[in-house]
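Report on one structure; see the data block that follows.
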Amino acid sequence: MRFFLFLIVYVTIFCGFESKTLIDVGVILDMDSQVGEMAKFCISTALSDFYNVNPNYETRLILHTRDSKEDIVSAAFGALDLLKNVGVEAIIGPMRSTETKFVVELGGKAHVPIISFSATSPALSPIQNPYFVRAAQDDTAQVKAITAIVQGFEWREVVLIYEDTEYESEISPYLTDAFLEVDIRISCKSAIPSNANDDQILKELNKLRQMRVTVFLVHMSTSLGSRLFLLANKAGMVSEGYAWVITDALSISLDSIDPMVIDSMEGVLGIRPCISRSKNLKNFKGRWKRYFPLTNPKSTISELNTFGLWAYDAAWALAMAVERIGQLNSSLLHINNGNNTTDLSSLGVSQMGPMLLEEMLNTSFRGLSGKFHLVNGQLQPSAFEIFNVIGNGERIVGYWTPDEGISRELSSDGNAKYYSTSTSELKTIIWPGDTTTKPQGWAIPIVNELKIGIPFKQGFTEFVKIENPDTSKVNYSGFSIDVFLAVRDALPFKVHYKFLPYMVDNKSKGTYDELVYQIYNKSFDAVVGDVTIIANRSSFVDFTLPYSDSGVSMVVPATREKPKSMWTFMKPLTWDLWLTIAITWIVTGIAMWSIEHHVRTTLRDSNNRKLETIIWLPFYSLVLPENEPMENRWTKFVLVLWLALACILMQSYTASLSSILTVEHLQPKVLDVTELVERGYYVGYQEDSFVRDLLINQLNFEKSKLISYSTVEDYHEALSNGTVAAIFDEIPYIKLFLGKYCSKYVMAGPTYRTEGFGFAFPLGSPLVSYFSRAVLNVTEGKKIDNIQKRYFHEQSSCPEQTTIITTDTPSLTAYSFGGLFMIVIVAILVALMASKRISLLDMVNSYGQKFIFRYFRGTQTRTKPALEMGNRGGGVEINNPVVELEEISSQGGEVNDAEEIQAKNQASHEVISSQVGDHASINNKL
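Below you can see the structure in the form of structure tokens.
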């Protein structure tokens, strides 16, 4: 039967070849692979169909097949043999991107087109390799479709699992960029070698299983992908809560995968290029099912896939391009004819190759896989179908197109109204675990027993205390330990852990930096204790949010002193309060003079004395009220307000000044860190602390001037006997020290900020976010207060702490009396308006002109002398005061008060009488 079929194909293709132009074409396939068997059948069938449809064409392609044996070297030798010894004008294949790379270089050297239907890696670019034609879609064509699916299901993080080869990994940067555009993050990239054994794959899966992200995107070959899903299912990762998405690298050949593997992929979501249905495709599939099993009886392929259709269309396009060129001498022009069949220097250059390449790029037709149209040397991407693996088969749940996005069915006219990423358009999906509930994309990590390192401290055991370290009944206690236990209880899952003391021979094994570095060395899984979050530690571990505030400062001996400054009397009030009092004083004086001067002749002084009267009037009223009685009721109202304000201010001033003069204040003996450095004083710090590096690198202390101490008692002894001038430590320790020794020492100088105490975990640990949220729950509630009282209550209740331990007494500020001043000012303005029966605007205009223009232009409005002596012959000029008062009135505004008008008239008559009397006296003298 096989001989009969071969005879039919031979007669069909080669009959009549005597009158046709024969063109040699090479084919390089992996003959032992399922895709290679399929491609061989599809290529030969394509040529048979092409020449059956076009029997009058003058050219015929002669296929010369070479087996690459899934090996790069074999593929390269096969291509060299075809180019040099056979003289082919084109090569279809190889199948793999790794094999294609070197063959493409040979094709470029010989000007022979290399046509691949399965080398989809974006690392092979037709633009960079002009004689490379990709009769397929490259891997980047599916990136937008994958992004739309992940975005549609609202997954914010994805784990990428890919085959660790040069070409399979090339899709990673494209996915990363596309995900970032829609705010999706690839939280982890897992590269699995092609030759990895089951133990290596399981180890990687267990690592991924501990992460909180449960969405996995798989991009790898069929052989490695099959093993991955078998082991993932065994590890319980293809179950409820997980989501798996596979790219077309695996999904195209899904039909050829073992049914046992398909069963382990239950609920997996995949995409692959959509092959539109057509009559020719249906006819070809029928022939495939009839003839392929006969020609390949040992093959396990049951269905035709996209690679086979692309191979069919590639052969058809090549035949069309050759026919367009017409009859041409197809011999290769050899630059150097050597006898060595593998000598690259003797490789010739094809005359037909450039023309054949141009025709291939311009070829367009409707093939079995859809529209065949090359853009930039490769097949244009079209629609992708989205399928769901169910049981031993698959089900199409929707489609994705560049114009429409995600849709349930393909649009018949291809005119999309809008681009959609909504997954509600898809049919019902069965997810892993046989559920229709969409995975949320994250889960609680599965944690093995944690090895937690604990620092060993000889002092400050209120924070961390290790008892009985040499026995089996080791006890761990302290503020930091209790906070960790509270955080553990606040986690949404159980954590199994084991405390391990970082000590040897009842001593600390190293510094805190060395302890934290043990996480990086994988000696510990975490570190719990009074570990400060600082920059250099965060470069090799991740910290949780801080559970305690911190910072570095210095503590120095204190002396009790009373103020000795001659300006101490000024300290009770700040300068802004003094200024506010002065302004209120002047405003009160203006108001009292303005209301009272109409009825009291003693207040009608010249312009030069008005300011003096205004300034002294509030003082007279305050000190000698019986000598300056007020007649107007509104003046009395203003006076009462002023007396009330003055009384309150005087009482406050007296109390503050008494506190300053009588209470002793703790004054630090050293205030400036620079003074310690310049004078070469010795300073102390806590043993094994990072403060030592801060003193040397940031504060410029010499190493020889630094002394380490371990306990609170050591601090007290060193400061009291003068061994050190100051102790530098973190604020929690300083508070503990000051709480015990109360007022003997004070904290002085600046505070150098640190982030506080935190728990340390390995870089990228999924536990950090969970522990950080639990830390917030503990620190924002009452638990942290109870823990602090448990360890620091005795120190905070020290009886000596009733003494004020400050370096200064705060002065009274204007803000403290702001409300009082506002009430007084507003009340004064009301009194002024009520006394004048005018609006606020009129009042401002009237008194503004009187007290500004009149003061600065007093020489123009002042009454002229009654008698001018000179060259006028002794004549006497009598001025009219009434006119001048009218002039003044016109400059200062209208007089609205009847009493004011009466007073002005009386004054005018007195001035006139005085001038007349002076005039008579002068005449008598003359």
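Quick note, the sequence shown lines up with residues -19 to -1, 1 to 907 if you use mature numbering (1 follows the signal peptide of the UniProt record, and there is no 0). Ideal Cβ placement from N, Cα and C applies to all residues, glycine included. Small disclaimer: the values here were computed from a predicted structure and weren't measured.
* **Ranges of the beta strand (DSSP E) found wholly within the stretch 100 to 159, counting only runs of at least 3** => 113 to 115, 138 to 144
* Asked: Between the Cα of F444 and the Cα atoms of L657, Y714, V654, S746, which residue gives the shortest distance?
  -> Here residue 444 corresponds to residue number 463 of the sequence shown, with the count starting at 1. Out of L657, Y714, V654, S746, Y714 has the C-alpha closest to the C-alpha of F444.
* Asked: In the structure shown, what three-state DSSP assignment does S257 receive?
  -> On the sequence shown, position 276 is the one that residue 257 refers to. S257: coil per DSSP, three-state reduction.
* Asked: Who are the Cβ neighbours of I168 in its own chain at under 8 Å, not counting the five residues just before and after it?
  -> Walking along the sequence shown from the start, residue 168 turns up at place 187. As written in the sequence, residue 168 is Ser, which differs from the Ile given in the question. If we look at S168 and ignore the five residues flanking it on each side, its Cβ neighbours are E138, V139, V140, M192, V194.
* To do: Could you tell me whether the stretch 467 to 483 touches the stretch 434 to 448, where touching means 3 or more Cβ pairs closer than 8 Å?
  => yes
* Asked: Just the Cα atoms here: how many angstroms apart are P103 and S78?
  -> Here residue 103 corresponds to residue number 122 of the sequence shown, with the count starting at 1. Here residue 78 corresponds to residue number 97 of the sequence shown, with the count starting at 1. Cα to Cα, P103 sits roughly 9 Å from S78.
* Asked: How do the stretch 233 to 245 and the stretch 346 to 362 stand: do at least 3 beta-carbon pairs fall below 8 Å, yes or no?
  -> Verdict: no, contact absent.
* To do: Indicate the three-state DSSP secondary structure (helix, strand or coil) for N369 in the structure shown.
  => In the sequence shown, residue 369 corresponds to position 388, counting from 1. It is a strand residue.
* Let me know the secondary structure DSSP gives K1 once reduced to three states. => Indexing the sequence shown from 1 puts residue 1 at position 20. K1: coil per DSSP, three-state reduction.
* To do: Would you mind giving the Cβ-Cβ distance between E366 and C255, rounded to the nearest angstrom? I have them listed as a contact below 8 Å.
  => Position 385 of the sequence shown, counted from the start, is the residue given in the question as residue 366. Position 274 of the sequence shown, counted from the start, is the residue given in the question as residue 255. Sure, about 4 Å apart at Cβ, within 8 Å.
* Asked: With I9 and G74 assumed to form a contact (beta carbons below 8 Å), what rounded beta-carbon distance in angstroms separates them?
  -> Residue mapping note: residue 9 aligns to position 28 of the sequence shown, counting from 1. Residue mapping note: residue 74 aligns to position 93 of the sequence shown, counting from 1. Contact flag correct, Cβ pair sits at about 4 Å.
* Quick one: what's got a C-beta closer than 8 Å to T549's C-beta in the same chain, skipping five residues either side? -> As a working mapping, residue 549 is identified with position 568 in the sequence shown. Result list for T549: L638, I641, L642, in chain order.
* **Three CB pairs or more closer than 8 Å across the stretch 225 to 236 and the stretch 202 to 210** => yes
* In chain order, which continuous runs of the beta strand (DSSP E) of length 3 or greater are located wholly inside the stretch 157 to 234? -> 166 to 173, 196 to 200, 224 to 227
* Hey, which unbroken runs of the beta strand (DSSP E) at 3 residues or more fall wholly within the stretch 434 to 505? -> 446 to 448, 456 to 458, 478 to 485
* To do: Return yes when the C-beta of Y155 is under 7 Å from any heavy atom of the ligand GDP, and no when it is not.
  => For the structure depicted, the ligand GDP is absent and the ligand set is empty, with no information on it obtainable.
* Could you tell me the distance, in whole angstroms, from the CA atom of Y380 to the CA atom of D523? => Working through the sequence shown from its first residue, we reach residue 380 at position 399. Working through the sequence shown from its first residue, we reach residue 523 at position 542. The alpha-carbon atoms of Y380 and D523 are separated by roughly 42 Å.
* Asked: With contact counted as at least three CB pairs below 8 Å, one residue from each stretch, are the stretch 44 to 56 and the stretch 5 to 25 in contact?
  -> yes
* **Top-ranked residue by Cα proximity to F31, from N681, R208, A300** => Locating residue 31 in the sequence shown gives position 50, counting from the first residue. With distances taken between Cα atoms, F31 lies closest to A300.
* To do: Tell me whether G289 sits in a helix, a strand or coil according to DSSP, three-state version.
  => The residue labelled residue 289 in the question sits at position 308 within the sequence shown. Here G289 sits in helix by DSSP.
* T416 (DSSP reduced to helix, strand or coil) -> The residue labelled residue 416 in the question sits at position 435 within the sequence shown. T416 falls in the strand class under three-state DSSP.
* Outcome for T525 when other beta-carbon atoms lying within 10 angstroms are tallied against a minimum of 16 -> Against the sequence shown, residue 525 aligns to sequence position 544. Burial call: buried.
* Asked: Given that a residue counts as buried once 16 or more other Cβ atoms are within 10 Å of its Cβ, and exposed if not, what is A706?
  -> As a first step, residue 706 must be located in the sequence shown, where it is residue number 725. Its Cβ being crowded by 16 or more others within 10 Å, A706 is buried.
* Residues that E375 bridges to, as DSSP identifies them -> Counting from 1 along the sequence shown, the entry for residue 375 is found at position 394. Within the DSSP secondary-structure output, E375 pairs in a beta bridge with V370.
* Three-state secondary structure (DSSP) of F671 -> Walking along the sequence shown from the start, residue 671 turns up at place 690. It is coil, neither helix nor strand.
* Asked: Cβ of V536 within 8 Å of Cβ of F718?
  -> Here residue 536 is taken as the residue at index 555 of the sequence shown, counted from 1. Here residue 718 is taken as the residue at index 737 of the sequence shown, counted from 1. Yes.
* To do: Grab the span of the beta strand (DSSP E) containing I73 for me, first residue to last.
  => Position 92 of the sequence shown holds residue 73. 71 to 73 is the span of the beta strand (DSSP E), which, as asked, contains I73.
* If you compare alpha carbons, which of V16, Y148, F460 is closest to N767? -> The sequence position of residue 767 within the sequence shown is 786, counting from 1. Restricting attention to V16, Y148, F460, the CA atom closest to the CA of N767 is found in F460.
* Asked: In its own chain, which residues sit with a C-beta less than 7 Å from the C-beta of K1, not counting the 5 before and 5 after it?
  -> Start at 1 with the first residue of the sequence shown, and residue 1 comes out as number 20. Within the same chain, K1 has close Cβ partners E39, T40, R41.
* **Close Cβ partners of N277 (< 6 Å) along its chain, the five nearest in sequence each way excluded** => Reading the sequence shown from its first residue, position 296 is the one you call residue 277. E18.
* Asked: By Cβ distance below 8 Å, which residues in the same chain neighbour T735 in space, the five residues on each side in sequence not counted?
  -> On the sequence shown, residue 735 is found 754 positions in, with the first residue counted as 1. Correct list, in chain order: T513, I514, I515, S531, G532, V533, E711.
* Asked: Distance, Cα to Cα, T128 vs G720?
  -> For the purposes of this step, residue 128 is taken as residue 147 along the sequence shown, with counting starting at 1. For the purposes of this step, residue 720 is taken as residue 739 along the sequence shown, with counting starting at 1. Their Cα atoms are separated by approximately 59 Å.
* Asked: What are the start and end residues of the alpha helix (DSSP H) that includes I562?
  -> Indexing the sequence shown from 1 puts residue 562 at position 581. From DSSP, the alpha helix (DSSP H) with I562 extends over 556 to 577.
* Asked: With burial defined as no fewer than 16 other Cβ atoms inside 10 Å of the residue's Cβ, what is the status of R614: buried or exposed?
  -> To locate residue 614, count along the sequence shown from 1; it is residue 633. Its Cβ having fewer than 16 others within 10 Å, R614 is exposed.
* To do: Return the residue from the list P747, A815, E683, L558 that minimises the CA-CA distance to L801.
  => In the sequence shown, the residue the question calls residue 801 occupies position 820. Looking only at P747, A815, E683, L558, the smallest Cα-Cα distance to L801 is reached by L558.
* Asked: Exposed or buried, what is P36 when buried is set at 16 or more other beta-carbons lying within 10 Å of its beta-carbon?
  -> Here residue 36 is taken as the residue at index 55 of the sequence shown, counted from 1. Result: exposed.
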